[in-house]
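Residue 1 is where the sequence shown starts when you use the numbering used here, and the numbers rise one by one after that.
Every residue, glycine too, gets a C-beta built ideally from N, C-alpha and C.
Encoded as structure tokens, the structure appears first; notes follow it.
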Amino acid sequence: MKATPFEFRFRFLIHAIIYFLGFVAPWNYWLHLDTIRTWQLLASWPARNGWISFGASTILVLLIGIACALKGAVLRTWGSAYLGASIVHDAAMHGEGVLAAGPYRYVRNPLYLGTFAHTFALTLLMPPSGAIFCIVAIGLMQLRLILAEEPFLTAKLGEPYVAYCAKVPRLIPVLRPRVPASVIQPDWSTAFLGEIYIWGVVVCFAILGWRYNSILLIKGVLISLGISLIVRAFIPKR
1 MKATPFEFRF
11 RFLIHAIIYF
21 LGFVAPWNYW
31 LHLDTIRTWQ
41 LLASWPARNG
51 WISFGASTIL
61 VLLIGIACAL
71 KGAVLRTWGS
81 AYLGASIVHD
91 AAMHGEGVLA
101 AGPYRYVRNP
111 LYLGTFAHTF
121 ALTLLMPPSG
131 AIFCIVAIGL
141 MQLRLILAEE
151 PFLTAKLGEP
161 YVAYCAKVPR
171 LIPVLRPRVP
181 ASVIQPDWST
191 AFLGEIYIWG
201 VVVCFAILGW
211 RYNSILLIKG
221 VLISLGISLI
231 VRAFIPKR
């Protein structure tokens, strides 16, 4: 079930394809399904049951989207600051030592966890069938990548990594650090530049979301992606 070297090398492209299919949901047209956005569906559900008004439920869904986008951005930037933005975006696996600093003291895979939280925000802009497809596909992809990395790191780092895995959970963060902190200085500026796309999505949801226009938000997401592709070319290697 683990990802192949090809999948790891092109993991960002594969993620992009999954997101694209989620937004387009071509099967909706083939099967003549409704193309309502997930945001609208979730907002209308409590309103139809008379729990809260449609306006209030729409705001609630937006706040959930902002929270998911922000959580994804914080986790990925925090993890990238300690791991190194160039390593995060490298096509090859790295294992120079056991990283027990920053978020890695609470959870082994903060980057993948952040991506999954980010995915929940994006799925609000997709048709419901596209949202379900995207959540399942991204979740499986994250798990496959983790299952590919762990044997690699075990083989390369040996007992120290095995001991680290025994103390720090894979995906569900703990409230208190499980291992002593490594002496590593975070590089926050480069980490932010490396994750500028995901911060752009946070800004889009926080500012444009109040227009309640999914198309406008999607355009903002695409602009954020374009800016990030340009910025990444200037990220220094380390």
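Are the CB atoms of residue 100 and residue 173 nearer to each other than 8 angstroms? Residue numbering aside, residue 100 sits at position 100 when the sequence shown is read from its first letter. Residue numbering aside, residue 173 sits at position 173 when the sequence shown is read from its first letter. For residue 100 and residue 173, no; Cβs fall outside 8 angstroms.
Runs of 3 residues minimum, wholly inside the stretch 3-46: which ones carry the beta strand (DSSP E) assignment? none
Residue 209 versus residue 203: straight-line alpha-carbon distance, rounded: For this step, residue 209 is matched to residue 209 along the sequence shown. For this step, residue 203 is matched to residue 203 along the sequence shown. Each residue's alpha carbon lies about 9 angstroms from the other.
Have a look at 131, 105, 154 and flag the residue whose alpha-carbon is nearest the alpha-carbon of residue 176. To locate residue 176, count along the sequence shown from 1; it is residue 176. Closest option to residue 176, Cα to Cα, is 105.
Count the other CB atoms within 10 Å of the CB of residue 63; is the residue buried (16 or more) or exposed (fewer)? As a first step, residue 63 is located in the sequence shown; it is residue number 63 there, counting from the start. The residue is exposed, with fewer than 16 neighbouring Cβ atoms inside 10 Å.
Under 8 angstroms: do the stretch 186-198 and the stretch 76-85 share three or more Cβ pairs, one atom per stretch? yes
Determine the burial state of residue 197: buried for a count of at least 16 other Cβ atoms within 10 Å of its Cβ, exposed for fewer. Here residue 197 corresponds to residue number 197 of the sequence shown, with the count starting at 1. Buried, because 16 or more other Cβ atoms sit within 10 Å of the Cβ of residue 197.
Close-in-space but distant-in-sequence residues of the same chain around residue 87 (CB under 7 angstroms, 5 per side omitted): As a working note, residue 87 is residue 87 in the sequence shown. Same-chain partners within the cutoff: 94.
Where do the N-terminal and C-terminal ends of the alpha helix (DSSP H) with residue 150 fall, by residue? Here residue 150 refers to the residue found at position 150 when the sequence shown is read from its first residue. Unbroken alpha helix (DSSP H) run through residue 150: 128-157.
Is residue 63 helix, strand or coil by DSSP? Here residue 63 is taken as the residue at index 63 of the sequence shown, counted from 1. In the structure shown, residue 63 sits in a helix (DSSP, three-state: H, G or I).
State yes or no: is the beta carbon of residue 211 nearer than 8 angstroms to at least one beta carbon in chain B? The structure shown has no chain B; it contains just one protein chain.
Grouping DSSP H, G and I as helix and E and B as strand, with all else coil, what is residue 55? Within the sequence shown, residue 55 is the residue found at index 55, counting from 1. Reduced to three states, the DSSP call for residue 55 is helix.
Under 8 angstroms, do residue 117 and residue 165 count as touching if we go by C-beta distance? The residue labelled residue 117 in the question sits at position 117 within the sequence shown. The residue labelled residue 165 in the question sits at position 165 within the sequence shown. Not closer than 8 angstroms, so no.
Do you know offhand how far residue 60's Cα is from residue 152's? Translated into the one-based positions of the sequence shown, residue 60 becomes position 60. Translated into the one-based positions of the sequence shown, residue 152 becomes position 152. Approximately 42 angstroms, taken between the alpha carbons.
Which whole-angstrom value describes the C-beta separation of residue 224 and residue 200, a residue pair presumed to lie in contact below a C-beta threshold of 8 angstroms? Here residue 224 refers to the residue found at position 224 when the sequence shown is read from its first residue. Here residue 200 refers to the residue found at position 200 when the sequence shown is read from its first residue. Sure, about 3 angstroms apart at Cβ, within 8 angstroms.
In whole angstroms, what is the alpha-carbon distance linking residue 155 and residue 9? Residue mapping note: residue 155 aligns to position 155 of the sequence shown, counting from 1. Residue mapping note: residue 9 aligns to position 9 of the sequence shown, counting from 1. Distance between the alpha carbons of residue 155 and residue 9: 19 angstroms.
Do residue 121 and residue 72 come within 8 angstroms of each other at the CB atom, strictly closer than that value? The residue labelled residue 72 in the question sits at position 72 within the sequence shown. The residue labelled residue 121 in the question sits at position 121 within the sequence shown. Against a cut-off of 8 angstroms, the Cβ pair of residue 121 and residue 72 comes out as a contact.
Quick check on DSSP: helix, strand or coil for residue 178? By one-based count along the sequence shown, residue 178 stands at place 178. DSSP places residue 178 in coil when its eight states are reduced to three.
Count the other CB atoms, across all protein chains shown, that sit within 10 Å of the CB of residue 20; report buried if there are 16 or more and exposed otherwise. Counting from 1 along the sequence shown, the entry for residue 20 is found at position 20. Residue 20 should be labelled exposed.
For residue 139 and residue 162, what's the separation of their Cα atoms in angstroms? Position 139 of the sequence shown, counted from the first residue, corresponds to residue 139. Position 162 of the sequence shown, counted from the first residue, corresponds to residue 162. The alpha-carbon atoms of residue 139 and residue 162 are separated by roughly 24 angstroms.
With a cut-off of 8 angstroms on the beta carbons, I'd call residue 78 and residue 110 a contact; round off their distance for me. Taking the sequence shown and counting its residues from 1, the one referred to as residue 78 is at position 78. Taking the sequence shown and counting its residues from 1, the one referred to as residue 110 is at position 110. Residue 78 to residue 110, Cβ: 6 angstroms. Contact.
Rounded distance between the beta-carbons of residue 126 and residue 205, thought under 8 angstroms: Taking the sequence shown and counting its residues from 1, the one referred to as residue 205 is at position 205. Taking the sequence shown and counting its residues from 1, the one referred to as residue 126 is at position 126. About 14 angstroms; that fails the 8 angstroms criterion.
Excluding the five sequence neighbours on either side, which residues of its own chain have a C-beta within less than 8 angstroms of the C-beta of residue 157, listed in chain order? Along the sequence shown, one-based indexing puts residue 157 at 157. Around residue 157: 95, 97, 98.
Using only CA atoms, which one of 5, 1, 15, 11 lies nearest to residue 135? Here residue 135 refers to the residue found at position 135 of the sequence shown. Residue 135 has its Cα closest to that of 15, out of 5, 1, 15, 11.
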